[in-house]
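Heads up: the sequence shown begins at 1 in full-length UniProt numbering, then just goes up one per residue.
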Amino acid sequence: MNIHDYHHNPTLRYDYCKKIMKISQIDNPTDLKQIPGLEEEGFKEVGAVNFIVTDNQYKICVHREPAQGDVKAVLILMHGYNGHMKRAQHIAKQLAQEGIEVIGYDQRGFGKSEGPKGYIESLEQMIDDFEEFYKQIIVEHYQYKQRGLPIFMGGLSLGGMLSYRVGLKYPDRFKGIVMMAPAIQPFPLQYKFIYYLAVTLGKIMPKGNFISTGAWNSNKYNEAEINIKKDPLQYTQKPPFSSLSSVIKGLYNTNETFEQFTCPFLCIMGDLEKIVDPFLGFDLEHKSPSQDKTVKYYQQVWHNIWQEPEIYDINKDVIQWIQQRIN
Numbered sequence: 001m002n003i004h005d006y007h008h009n010p011t012l013r014y015d016y017c018k019k020i021m022k023i024s025q026i027d028n029p030t031d032l033k034q035i036p037g038l039e040e041e042g043f044k045e046v047g048a049v050n051f052i053v054t055d056n057q058y059k060i061c062v063h064r065e066p067a068q069g070d071v072k073a074v075l076i077l078m079h080g081y082n083g084h085m086k087r088a089q090h091i092a093k094q095l096a097q098e099g100i101e102v103i104g105y106d107q108r109g110f111g112k113s114e115g116p117k118g119y120i121e122s123l124e125q126m127i128d129d130f131e132e133f134y135k136q137i138i139v140e141h142y143q144y145k146q147r148g149l150p151i152f153m154g155g156l157s158l159g160g161m162l163s164y165r166v167g168l169k170y171p172d173r174f175k176g177i178v179m180m181a182p183a184i185q186p187f188p189l190q191y192k193f194i195y196y197l198a199v200t201l202g203k204i205m206p207k208g209n210f211i212s213t214g215a216w217n218s219n220k221y222n223e224a225e226i227n228i229k230k231d232p233l234q235y236t237q238k239p240p241f242s243s244l245s246s247v248i249k250g251l252y253n254t255n256e257t258f259e260q261f262t263c264p265f266l267c268i269m270g271d272l273e274k275i276v277d278p279f280l281g282f283d284l285e286h287k288s289p290s291q292d293k294t295v296k297y298y299q300q301v302w303h304n305i306w307q308e309p310e311i312y313d314i315n316k317d318v319i320q321w322i323q324q325r326i327n
């Protein structure tokens, strides 16, 4: 079953999604010694510098993996909903070996950052927080721009959506955007009433939460999700309605802007994507007027790409893509 054979026809897309939903996770893998990104080491620098979001004075924890040798480029990396930046430590270390410095932060309310746990007020607030990070850390503290370093931005899932949104707003700020399974188009089997329900509840009782997200089926190996749920930094509670509303609004509304997205971009997707639309890469590539656009699909890869075993090969492709744009 090749996803490239299904994307031309809406009916075929729907059939493809029904087929992949029947694919079960793998229990107790014998060929996997370690779930990627669950090592204890973490980034080389965690909280060495932080920044303050001005509206509530929350301290936000910054993670940084300095490049080995001369810095050739900088990648700002953003985590997904429920997660935190330690989940990307293996990505950061692999890129740093090639001279690509990786920096990011635990979004407010997640990981080691302050703020109500799991709570997202709005996508606009997330962008405002990023602007504080960009101003205080990227421009003023590390002075990457003043040093003439090429800067890229990227992220997974919600972090991919944030990267897309920032790139849409500031198309000339970055050398390129690297999105992994970005939450920018809903899974075709999702019911539209969930969108209206989430938006309504987000307005009425933003901090309420009685809807469980259930088993997200984000990884091919069940062991990955079991270990992630044991992580004390992982948000595992029911999502506040405001958070659910923000994510779902982004899922349903972002694709309306594909024809305005002009940034150079690399969009990385798994062909067994069950959380966002597995075909969004084809749609973004077709609709975006960008003169530099690359979409890559990886076989047998699920949504949480950071914790899939294929991530190390994916990292090599990311490194090559970045190097081609700085040499």
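Beta carbons: idealized from backbone N, C-alpha and C, even for Gly.
For E65, the pairing in a beta bridge is given by DSSP as V102.
The Cβ-Cβ distance between S218 and W302 falls below 8 Å.
DSSP places T294 in the strand class (E or B) of the three-state scheme.
A Cβ-Cβ contact shorter than 8 Å links A183 with G160. The three-state secondary structure of Y142, taken from DSSP, is coil.
For G250, the enclosing alpha helix (DSSP H) stretches over residues F241 to N253. By a beta-carbon distance limit of 8 Å, S243 contacts I120. Their separation comes to about 4 Å. Of the other Cβ atoms in all chains shown, fewer than 16 fall within 10 Å of the Cβ of F193; this residue is therefore exposed. Counting only the Cα atoms, A73 lies some 8 Å from I326.
The Cβ neighbour count for N50, taken over all protein chains shown within 10 Å, is at least 16; the residue is labelled buried.
Assignment of beta strand (DSSP E) within the region 80 to 130, counting only whole runs of 3 or more residues, yields 100 to 105 in chain order. As DSSP reads the structure, V276 sits in a beta bridge with P186. Secondary structure at V71: coil, using DSSP grouped into helix, strand and coil. Per DSSP, N327 lies in no alpha helix (DSSP H) and is assigned neither H nor E. The secondary-structure analysis by DSSP pairs V46 across a beta bridge with H63.
Apart from sequence neighbours up to five positions away, the residues of its chain that approach P188 with a beta-carbon distance below 7 Å are R13, Y14, C17 and D277, ordered along the chain.
About 5 Å separates the beta carbon of C263 from that of I177, a gap short enough to meet the 8 Å contact definition. A67 and Y297 have their C-alpha atoms some 28 Å from each other. At the C-beta level, A181 and M269 come within 8 Å of one another.
Secondary structure note for M161: it is in no beta strand (DSSP E), and the uninterrupted alpha helix (DSSP H) holding it is L158 to K169. When the alpha-carbon of I228 is set against those of E308, L75, Q323 and V62, the nearest one is in E308.
By the CB criterion at 8 Å, Q34 and Y221 fall outside the cutoff. Between the region 42 to 62 and the region 279 to 287, the count of Cβ pairs shorter than 8 Å is below three; the stretches do not touch.
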